[in-house]
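Position 463, counted from 1, in the sequence shown is what numbering that gives the first Met the number 0 calls 462; the numbers after and before it change by one each time, with no gaps.
Beta carbons: idealized from backbone N, C-alpha and C, even for Gly.
Predicted model only: the values in this text are computed from it and were never measured.
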Amino acid sequence: MKRLAISSALVFALLLCLAPGSEVNADPHLRPSSGSLSGRRIFVSPGHGWYLHSTLGWTTQRGNVNGVVEDFSNALLAIDYVIPYLTNAGAQVVCARERSFNTQEFFGDNGDTTYTSSGTWTNSSNVSGYYGTNYRWASTSLTESAVSRWTFDITAEGRYPVYVRYTAGSDRATDALYRVFHAGGTASVAVNQSIQGGRWLYLGEWEFNAASDAIIELSNQSATTGKVVIADGVRVGGGTGQSGHPRYEEQSTYWAELVGAPGSVYNAGDVSCRPLHMEWWGGFDLFLSMHSNASGQTPPSSARGTVTYTYNNGGSTQHSSALLAQSVAFAQLINDQIVDDMRALHDSTWVDRGLNSANFGELRSATSCPSALVETAFHDNIQDAAWLRSPRGKHTMGRAIYKAVARYFNAGATILPLPPVNLRMINSGSGQVTLNWSAQNDPIEASAVPTSYRVYLSNDGFAFDDGRAASGASSHVITGLAPGQTVFAKVTALNAGGESLASEVLCARTPDAQAGTLPTPLLIVSGYDRYDEFTYYQQGSGLSTGDLHVRNTFDTVRRHALSAAKANTVQGGTWHFDSCSNEAVISGSVSLTNYAAVDWVLGNESTADETFSATEQSLVSAFRTGGGALLVSGSEIGWDLDRSSGPTSADRAFYNSVLKADYVADSSNDWTVDGVSGSIFAGLSNVAFDNGNGFSYTVGYPDVLAVSGGSTACLTYSAGVIAGVQFASPPLVNLGFPLETLNNSATRDDMMQRILRFLTPAYSGISGSAGVSVVTASLPNATVGLSYSQTLQATGGTAPYTWDITAGALPPGLTLSTAGLLSGTPAAAGTFNFTVRARDSALSPGTRPLTLIVDPSGSPGGPVVVATTTLPNGIVGQAYSQGLSASGGQPPYTWAVIAGSLPAGLTLASNGVISGTPGSAIVANFTVRATDSAASPQQGSAALTLTVGTSTGGLFITTAGLPSGTAGSGYASQLAATGGVAPLVWDVTAGFLPPGLNLNQSTGEISGIPTAAGSYAFTVTVTDAALATDSRGLSIAVGNGSSDDGGGCTAGDTPAVSRYALAAALALLVLAAGQRRRMA
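Given below as structure tokens:
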């Protein structure tokens, strides 16, 4: 147990785990999208990298300071965020270093064994710059008549970049058609071969697996005849460089030489090579250099913030006054955008060090376009370094850089959206699965609103196709699925600015032919949201290559789904399943009670994002009380909910009584488990999961458990301590490590089958053999104003059944009793679609979608019925408008309030529109009446409620301000709220509290001992049991601290190593005190 006291210097790093941010899955789009940067070419230069020193051998240009090696950190910022954002906005991006993390590399040439062809091709060496001994050409044709093919034997599953090489000339096709056959399908890319010859040109990045070859083709098909296409070289993969390290970690000179640049470029030294590399390519609109800063102070440095540089014409190379002015405008936008966004989203005290100019070699040689060098933050400052290590900090910086580029070309540019959230993927019958989602709000960009969406599908959750437009505004129906087919999906959001990064990956499996119309028995919940420095990139000590294997790839449901799809029931049937994000459960978009069993996937989720929030605990507890079966697996559940200090009493009760476990130890220090005799895993032994050398992600701290509340052990670590527990009724399996990290897929499949058989013993997967099935398949028509009565029928299970509606709505005037009687007097004509469910006391429920057509009566429309039953909440001081609706009678209707009153500031017009601006918070109850236009008028009335508050839900925070604090002195202040349904849960949802202070989520008290002076702005949100929320921006001023921005030091022409040695040594001592990967 590595449990050392955490120094005050590391408190800020802990706060990063609680910093808000968009779910930020770094999933670069394949090729340039259409967006605000379409047609623009941007050269991105992340600074530094491995180089061969005359005495030190291979070393980096910057040392390890506060867990940051700038050489690698700059590359991460570029590859994960800057390049994807620029590309998704439509730009063509060229990078001064390799742009892929992939370390495999394959070269193919028209003269080697990777190459085959069909049709007429001619060898040539007339034009220089080819790869190998020569190249081949074919005449273009309106229809394909010649194809060159390169085939590579991929040895490891992964995402690979694809580069091509050719010789350019005026007789070359401007639309040379390359086809990439990848694991997810086939992608076509058109290349202008009249330019940019004699170099490796990036086509895109695709998934390839070891089960099939990577194939790249070049066709002679073109829109223009009389030209030629050139078949020469193909390169697949990112590769390992001369240093023995991944190419993306090496400095620019080695990459420029590999790409094909002349010696005058790559022999100029790393700093000058970067802009000279751009000038050799030619035709760029902007040059962007990215670095982090160092003050040269004795650590810990007090210097913080962002500074951006332009060239000052201090060297022999002179830029025109116009070019200098353009560079200043560009640099100012970058500097301001990073500062503004970091302040708005993370740190209100983020330091703006402004715009500066210098005679930097990296800017001096950029003579053909505006250029800027940004120092994003100080890696020798503890607070700044924490944001450089954080993927959320990097995302904010990377998105800010993209926004600055977009606004350089158009001040009013539309900003591309954030990824969709609240995903759910549900079987909807007849070989269909419906995918739903919600737009993610960007709190600082009003234009970042989606106007459409794109859905990418996969058969294995790894390799996705090139996507299609979503069929609905926030949904997509996947049709034509075969019985028993598993499908995976992810979604992006689009607007005029471009395409967002991708959502998390979800999955569903349709029922097979045996299951027929049996209800879906299993829901897989994606609950692993954590994305902090410990689930992103671990630098480790010294200058070693960082660990990307810890990364949360936001597809952890994948292996659960693949194993569940292979499982068989005792009777020979199979399980079909749905999936959703945990946010979809929290919001009520998906109900756990619709399923017999739930598989809750938590990965390395910890206190940083909570394994089970108070709301989730309530919903899961209710599900278990109702007889629901549960599988939960993850490495930090016990630590989060039941460690010695930190968890609430409710957390402990949930872990001990609902999850049936007791927390024993933070880490087993063991990554193998054995089945316990007599348990569901009896007979299994030496089952290994990922310790950093597997195929999923590193499990840092597997929990050690104890039995609780009648559970029994099912798995133990090699030392005999418990790794998992099971409970008989209702069935539960709780594992102290993530199930998806098992190294052997066959073992994982076996364990999943055992788990599912244990969780759903009565489910056969065979329609009619077990479980409840709804027999009623259709309903007779009803008529407005006439009595209607139909009894629904079901079979299977043990009668009597309990009936309810799970989707859609009955016609007004009809009700469904729990005994299955559908009755009443319809009040409105129309076609009504809804889903009924029949449940018995033991087996899986049965559901069936039904349609009821209500015909109009012989009168003009029957009695008047007010159709509006609920009204959206209003907000004080904001305009409100909502129309009422009715049916029956003779439209149009005349409306009036006949009892009670509307909130002050609102009126009801005779046409049924409630409008105005509410002036105060209130819950108003009133009755409206609609009168039709018939000669003998009919009337209908309804009682309504309209809540006006500062937010939705009638829940209001009454705390208007907070007292100041003093660094080193105790602090306590109570937040307060009125309204809502107890219990209330408090959280900080934007900004952060002063270091040393904490918010008690149950009581709303902010307390602790602040450790650093400053003004700290943040937003608190309170949520009640009905999921109503209210938020308020607050701030705390902490006095009696010292503040000093310190001096600046930035990147120059000469690599520096020695000045970082002391900083690195001292910083590593600090980090050693909190080496725990989870941190919070």
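Which of helix, strand or coil DSSP assigns to residue i
{"i": "residue 620", "result": "helix"}
{"i": "residue 680", "result": "coil"}
{"i": "residue 151", "result": "strand"}
{"i": "residue 863", "result": "coil"}
{"i": "residue 1046", "result": "Confidence at residue 1046 is low in this model, with a pLDDT of 33, below 50, so its placement is unreliable and the value that follows should be read with caution. If DSSP states are grouped into helix, strand and coil, residue 1046 belongs with coil."}
{"i": "residue 1130", "result": "The structure shown has nothing for residue 1130, since the chain only spans 0 to 1079."}
{"i": "residue 736", "result": "coil"}
{"i": "residue 86", "result": "helix"}
{"i": "residue 431", "result": "strand"}
{"i": "residue 394", "result": "helix"}
{"i": "residue 77", "result": "helix"}
{"i": "residue 334", "result": "helix"}
{"i": "residue 326", "result": "helix"}
{"i": "residue 306", "result": "strand"}
{"i": "residue 642", "result": "coil"}
{"i": "residue 598", "result": "strand"}
{"i": "residue 1027", "result": "coil"}
{"i": "residue 998", "result": "strand"}
{"i": "residue 809", "result": "coil"}
{"i": "residue 656", "result": "helix"}
{"i": "residue 417", "result": "coil"}
{"i": "residue 101", "result": "coil"}
{"i": "residue 252", "result": "helix"}
Bridge partners - residue i, DSSP secondary structure assignment
{"i": "residue 914", "result": "880 and 906"}
{"i": "residue 506", "result": "487"}
{"i": "residue 583", "result": "In the DSSP output, where bridge partners are listed per residue, residue 583 has none listed."}
{"i": "residue 276", "result": "DSSP output for residue 276 lists no bridge partner at all."}
{"i": "residue 202", "result": "DSSP output for residue 202 lists no bridge partner at all."}
{"i": "residue 368", "result": "According to DSSP, which records beta bridges pairwise, residue 368 is partnered with nothing at all."}
Pairwise C-alpha distance: residue j and residue i
{"i": "residue 229", "j": "residue 121", "result": "10 Å"}
{"i": "residue 480", "j": "residue 425", "result": "13 Å"}
{"i": "residue 614", "j": "residue 583", "result": "12 Å"}
{"i": "residue 866", "j": "residue 452", "result": "32 Å"}
{"i": "residue 250", "j": "residue 97", "result": "9 Å"}
{"i": "residue 146", "j": "residue 90", "result": "29 Å"}
{"i": "residue 1045", "j": "residue 433", "result": "The pLDDT assigned to residue 1045 is 32, lower than 50, so where the model puts this residue is not dependable; a value taken from the coordinates is nonetheless given after this. Spanning the two alpha carbons is a distance of roughly 56 Å."}
{"i": "residue 550", "j": "residue 788", "result": "58 Å"}
{"i": "residue 421", "j": "residue 581", "result": "8 Å"}
{"i": "residue 559", "j": "residue 696", "result": "14 Å"}
{"i": "residue 900", "j": "residue 923", "result": "7 Å"}
{"i": "residue 1053", "j": "residue 265", "result": "The predicted model places residue 1053 with a pLDDT of 33, which falls under 50 and marks its position as unreliable; any figure quoted below should be read in that light. Between residue 1053 and residue 265, the C-alpha separation is close to 15 Å."}
Neighbourhood of residue i by C-beta distance below 8 Å, restricted to the same chain and skipping five residues each side
{"i": "residue 261", "result": "279"}
{"i": "residue 406", "result": "332, 336 and 412"}
{"i": "residue 578", "result": "423, 424, 505, 506, 507, 522, 523, 524, 525, 556 and 560"}
{"i": "residue 642", "result": "662 and 665"}
Cβ shell of residue i (< 6 Å), same chain only, five flanking positions each side left out
{"i": "residue 555", "result": "527, 600, 602 and 739"}
{"i": "residue 392", "result": "386"}
{"i": "residue 213", "result": "151, 153, 207 and 235"}
{"i": "residue 916", "result": "878 and 904"}
{"i": "residue 1005", "result": "972, 996 and 998"}
{"i": "residue 149", "result": "107, 113, 114, 215 and 233"}
Own chain, CB closer than 7 Å to residue i, minus 5 neighbours either side, in chain order
{"i": "residue 356", "result": "308, 309, 310 and 311"}
{"i": "residue 574", "result": "520, 521, 563, 566, 755 and 764"}
{"i": "residue 80", "result": "25, 393, 394, 397 and 398"}
At least three beta-carbon pairs within less than 8 Å, the region 176-194 to the region 244-252: With the cut-off at 8 Å, the region 176-194 and the region 244-252 do not touch.
Any 3 or more C-beta pairs closer than 8 Å across the region 462-474 and the region 524-537: Fewer than three beta-carbon pairs drawn from the region 462-474 and the region 524-537 are found closer than 8 Å, and the two stretches are therefore not classed as touching.
At least three beta-carbon pairs within less than 8 Å, the region 692-706 to the region 618-636: When C-beta atoms of the region 692-706 are compared with those of the region 618-636, three or more pairs fall below 8 Å, so the two segments count as touching.
Sufficient close CB pairs (3 or more, under 8 Å) joining the region 1016-1033 to the region 984-992: In short, these stretches touch, since the Cβ pair count reaches three.
Meets three-Cβ-pair contact criterion under 8 Å: the region 280-298 and the region 112-127: no
The region 486-494 in contact with the region 720-736 per 3-pair CB rule at 8 Å: The answer is no - the region 720-736 does not touch the region 486-494, with fewer than three Cβ pairs under 8 Å.
Three CB pairs or more closer than 8 Å across the region 129-139 and the region 267-282: no
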